[in-house]
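Chemist: Chains as they are written, first to last, in our numbering: chain A, 1 to 321; chain B, 1 to 522; chain C, 1 to 334. The structure follows.
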Ligand SMILES: Nc1ncnc2c1ncn2[C@@H]1O[C@H](COP(=O)(O)OP(=O)(O)OP(=O)(O)O)[C@@H](O)[C@H]1O
Ligand SMILES: [Mg+2]
């Protein structure tokens, strides 16, 4: 196990190094940050001064060497725009994103898994067919459009829920959290539902596929032959097996939402990380882009690691070497 | 089971130990503003970004304050400077207001003015442009400052309206980092908090030296998404929004509790073409066709501005024939948009030796300006009708300026320029002064325009201390550019604001958007 | 009430299956997997069910437990178990019978155990459901059962997962599970087919002993006539969903009457005696969607006559308790 952890850690370092390098090359091809940061009427002298201040006046190779040295010293650089450490900016935004993502995944799982089990177990009923078509609709529905519709219905027409922002927050260990106040919870609902909808559909279809596959297996029939009730057969014997492949997807989807919930965050003016990435790309805020994508790759490696551990919990056949 | 309960209790305890609940402000005394973006900094001297300026104007006082009327025209009223006298062509003496205190209690003095101007100058992130004409500032006594400009500069007072003063003492105490945490000014509002991408809160400065602001608390919320911003206004979550999207203007105007206030904004969309170089990068078949004035005229009159404004902007824009907006120095009342006349355009092309038209590359940005894609396509459509084939070279927004700025790739480009400052001189110098001839001029002359008369007029405008002379020279340039077709203005943007009924609000036509202390809620 | 009592009295059998019909309604058509099968089984007896692959042996077994999944359906017939008609019972009542009074051993031990649960959990599940045993009691019983089926050091192995066992071991676990509640009937569906030859005999012996000592009855499904000949009291031979011959093991093995049974017997390699080419039944099993109207074996039969093509031969008793479904059986020598 220890060996495994060490192996994964080394893997992570390599992945992050590669990602950082690729991203570094890539951001160098983005627009000139000085031009984007300064007003359009800025003079060439001003631009030159700004470039020097951002450390962009040396050759890309020099810049890269400096970057590597700094990273080794744990310094990912300051945002060109905010003049604050890039990592600090990202971590500031992270709790907001985690809040909607965790809630969304939770809502999705809560609905998708029982429905998926039902649909997988009774594929030919009218209800199953309706659920399945509905899930297709959920998948093909653009997040953007759906979010706006929710706002128009629940905020503008009915006035039940706020359209945007985080509402009242409670500060816990420096993190601003919405879910601990009633007003905050009201603000959470719409963005979380928007994020959850596609998740829900994906999870439902995965659970269904898993169930259909598992229900064909001999051990299910054997369980029935033992006199196990249909409910226990589905939830006790079949579900755990059906969920094995779902776990990977669940983990990756989680990571994906955390890092790229941009659209939902933008619609609901939710001050999360995804928006930071897009804004940074738009104005070529290189340190933030690089730090962000390094963090993202680290997140995925960690999620994969957790998924692997979960696998051993769910599926005893898997052994971590 | 027991273990789970204990665990949950422990978690709850931990949460509430580290918790402190934020008090909610009273809604009636609060003005919530929906902006289109977050501030990039709250340091007034570090940037010229719109939403940073919007904080600056409320937390800090300028030397001179611009006050706008309903028509969008401004007057200059004394603010931290109560008097300004010109001692010589390049030396000005400012008399400062006495008894003004910063939010932290420090008294306001000449040192703060000198300090602020120096900080602007040192900015590498966009602040330096505000004080570009100023060579030095010197404190003569506690309430007197001497300002020296590089050259005679007639419109220093306009620049003074954009110069905001922060506390030198405070800076010395807290340093760069402290200033980013809590800006301290003399303005009508005090900074409370900035939660990035969520909100910036400002509370009224009860000790403000001027007229007492009516609104107790102002909250700026970045609502980048158009539909969200409109929804927040319609649902009453915000009181005032910037930039109502064209498709929602009717909805907001007809809303039970909302209305729209729209005025022509400071930005003019235009096409610049290379009318100077013999060979030009965007034309492959020999001599630059735009050298022929008939071709340029054909280009200018082939575009039906009214149709574009109607179809692409839903009527929410104003056709124009010049870069300066009404009221700005350099604006010429008599210049009207180039008239739409496709037959004449075809005729002119034939006379110029292009009976079958020609093809050139037109550099356009992608989503840099509002509806730029549809607009440039519509323009290309009109040009095609008379035989000029514009090949659209679409460039991602964040690479656009880097692409066109060096001037070695572009023959014609699509751009926007603003005269929010109230004077077009700076822009003319950057865009039309011959390249590499004079330090600090011609830097944005991407089409290599070169006209000795224009250079001379601009030199004269920049070397007079007399506003009237300057105005006359700039107007002269505007007329020449019109005749030269070096720039083909298309339209002036409209700036539509959405607001709740009963809010007393006058839009500003400059780079500082919401001056909250001039507003009042019913 | 009187009716049921009558049935009970009438039936001296533990299990009495009459004219059982189980059809699969597939997209391509109806598969008559079991088409009018009748047999009966006395308490403590072992019944061998033999036949080629696909002849409906497993479906017959599952039908008794009413474990036919859609698109299959039991279309007709009667299944009387301990005097009660199983087809009239509710699903709930069936759950109480399955794994309790009737348990089943599946064909493939590799896939019959749930991979994500320990052996202990899977044995205890049955014990909890039907025996009301819990906790320590259940654990002890599980260990005891494992020891009974011959798993070495069961105390530790009870916590193993299925993948940690070999196929033979798993089948022992499955046998342990089916014996856990001392059922009156065990349906063993080819319990040894998937295993090594060496393990086969060993396991079969153990199963036989356990069934006998438990005083249970067993339906032993196999396509291996030699396997049943030693252990079963009676044999039924199935072909294309029908019983074509049945009788005591002795008489069926020593005096096979149906040409198909004869063919089956001849295809068994004999341990003793001279080397001889193994007999093979030529031809193919007919397409299940287009069953011939007459004898289903006719296309492959060496004796076939006109009548075989036109008319299905009814089961006839050719000697006491020995039935055969062939127009010519017993009339000619072959
Ligand atoms: N789910 C099903 N759908 C359609 N047909 C089925 C299904 N299950 C079984 N059958 C059909 O029923 C017939 C009998 O199958 P069964 O499994 O009982 O054969 P078997 O005698 O047990 O064969 P084997 O020796 O290979 O186990 C086969 O022809 C098969 O095609
Ligand atoms: Mg079978």
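Each residue gets a CB set at the ideal place from its N, CA and C atoms; glycine is no exception. What you are looking at is a predicted structure, and each value in this text was computed from that prediction instead of being measured.
Mark residue 2/C as exposed unless 16 or more other C-beta atoms lie within 10 angstroms of its C-beta, in which case mark it buried.
Modeler: Bear in mind that a pLDDT of 41 at residue 2/C, under 50, signals an unreliable position, so the number given afterwards is only what the model happens to contain. When all chains shown are included, residue 2/C counts as exposed.
Chemist: Per the DSSP calculation, residue 173/A is bridged to which residue(s)?
Modeler: Beta-bridge pairing links residue 173/A to no other residue.
Chemist: Considering Cα atoms alone, identify which of 20/A, 137/A, 98/A and 255/A is closest to residue 72/A.
Modeler: 20/A
Chemist: Could you name the residues whose beta carbon sits closer than 7 angstroms to any heavy atom belonging to ligand 2, keeping them in chain order?
Modeler: This selection yields 57/C, 58/C, 107/C, 189/C, 190/C and 221/C.
Chemist: Which one of 250/C, 169/C and 239/C has the shortest CA to CA distance from residue 259/C?
Modeler: 239/C
Chemist: Looking only at C-alpha atoms, which of 242/C, 120/C, 210/C and 283/C sits nearest to residue 49/C?
Modeler: 242/C
Chemist: Determine the direct distance from the alpha carbon of residue 344/B to that of residue 508/B, and round the result to whole angstroms.
Modeler: 40 angstroms
Chemist: Under 8 angstroms by Cβ, that's how I've got residue 415/B and residue 448/B pegged, so tell me the actual separation to the nearest angstrom.
Modeler: Wrong, their Cβ atoms sit about 15 angstroms apart, outside the cutoff.
Chemist: Which residue comes first and which comes last in the alpha helix (DSSP H) that contains residue 306/B?
Modeler: 305–313
Chemist: Run through the region 236–319 of chain C for me and flag every whole beta strand (DSSP E) of 3 or more residues, listed as ranges in chain order.
Modeler: The region 236–319 of chain C is shown to contain whole beta strand (DSSP E) runs of 3 or more residues at 242–248 and 316–319, in chain order.
Chemist: Along chain A, which residues have their Cβ under 7 angstroms away from the Cβ of residue 218/C?
Modeler: Contact of residue 218/C with chain A by beta-carbon distance below 7 angstroms is absent, the smallest such distance being about 15 angstroms.
Chemist: Taking the straight line between their C-alpha atoms, what separation do you get for residue 228/A and residue 62/C?
Modeler: 15 angstroms
Chemist: When every heavy atom of ligand 1 is checked, does at least one fall within less than 8 angstroms of the C-beta of residue 231/A?
Modeler: no
Chemist: Just tell me which of 225/A, 138/A, 51/A and 28/A has its CA closest to the CA of residue 67/C.
Modeler: 225/A
Chemist: Counting Cβ pairs, one atom from each stretch, are 3 or more of them under 8 angstroms apart for the region 239–252 of chain A and the region 159–178 of chain A?
Modeler: no
Chemist: When we look at the beta-carbon of residue 166/C and count the other beta-carbons within 10 Å, is it buried (16 or more) or exposed?
Modeler: exposed
Chemist: Can you tell me whether residue 231/A is helix, strand or coil according to DSSP?
Modeler: helix
Chemist: With a 10 Å radius around its C-beta and 16 neighbouring C-beta atoms as the bar for buried, classify residue 274/B as buried or exposed.
Modeler: buried
Chemist: Within the chosen definition, does the region 300–319 of chain A reach the region 241–258 of chain A through at least 3 CB pairs nearer than 8 angstroms?
Modeler: yes
Chemist: Measure the C-alpha to C-alpha separation of residue 375/B and residue 253/B and round it to an integer number of angstroms.
Modeler: 25 angstroms
Chemist: Could you give the DSSP three-state label for residue 160/C: helix, strand or coil?
Modeler: coil
Chemist: Near residue 100/C, what residues of its chain come up, given a Cβ to Cβ distance below 6 angstroms and the 5 sequence neighbours on each side ignored?
Modeler: 130 and 181
Chemist: Ordered along the chain, which non-local residues of its own chain (more than five positions away) have a Cβ less than 6 angstroms from that of residue 193/B?
Modeler: 201
Chemist: If we count the other Cβ atoms within 10 Å of its Cβ and call it buried at 16 or more, is residue 212/B buried or exposed?
Modeler: exposed
Chemist: Using beta-carbon positions only, say whether residue 66/B and residue 77/B come within less than 9 angstroms of one another.
Modeler: yes
Chemist: Do residue 174/C and residue 113/C count as a contact pair if the criterion is CB distance below 9 angstroms?
Modeler: yes
Chemist: When DSSP builds the beta bridges, which residues end up paired with residue 418/B?
Modeler: Per DSSP, 267/B.
Chemist: From what residue to what residue does the beta strand (DSSP E) around residue 199/B run?
Modeler: It spans 199–204 - the beta strand (DSSP E) in which residue 199/B sits, taken as one unbroken run.
Chemist: Between the region 59–91 of chain A and chain B, which residues of the former have CB atoms less than 8 angstroms from a CB of the latter, in chain order?
Modeler: Correct list: 80, 81, 82, 83, 84 and 89.
Chemist: Assuming residue 3/A is part of the alpha helix (DSSP H), what are its boundary residues?
Modeler: In this chain, the alpha helix (DSSP H) harbouring residue 3/A covers 2–29.
Chemist: Is DSSP giving residue 423/B helix, strand or coil here?
Modeler: Secondary structure of residue 423/B (DSSP, three-state): strand.
Chemist: Measure the Cβ-Cβ separation of residue 496/B and residue 262/B and say whether it is below 9 angstroms.
Modeler: A Cβ-Cβ contact shorter than 9 angstroms links residue 496/B with residue 262/B.
Chemist: The beta strand (DSSP E) spanning residue 149/A covers which residue range?
Modeler: First-last for residue 149/A: 143–150, but that is the alpha helix (DSSP H), not the beta strand (DSSP E).
Chemist: Assuming residue 132/B and residue 91/B are in contact, meaning their beta carbons sit under 8 angstroms apart, how far apart are those beta carbons, in whole angstroms?
Modeler: Rounded, the Cβ-Cβ distance is 17 angstroms, inconsistent with contact.
Chemist: Counting contacts by CB-CB distance shorter than 9 angstroms, is residue 24/A in contact with chain B?
Modeler: no
Chemist: Kindly examine ligand 3 and report whether one of its heavy atoms sits closer than 8 angstroms to the Cβ of residue 297/C.
Modeler: Looking at this structure, you won't find ligand 3 anywhere; what it does contain is ligand 1 and ligand 2.
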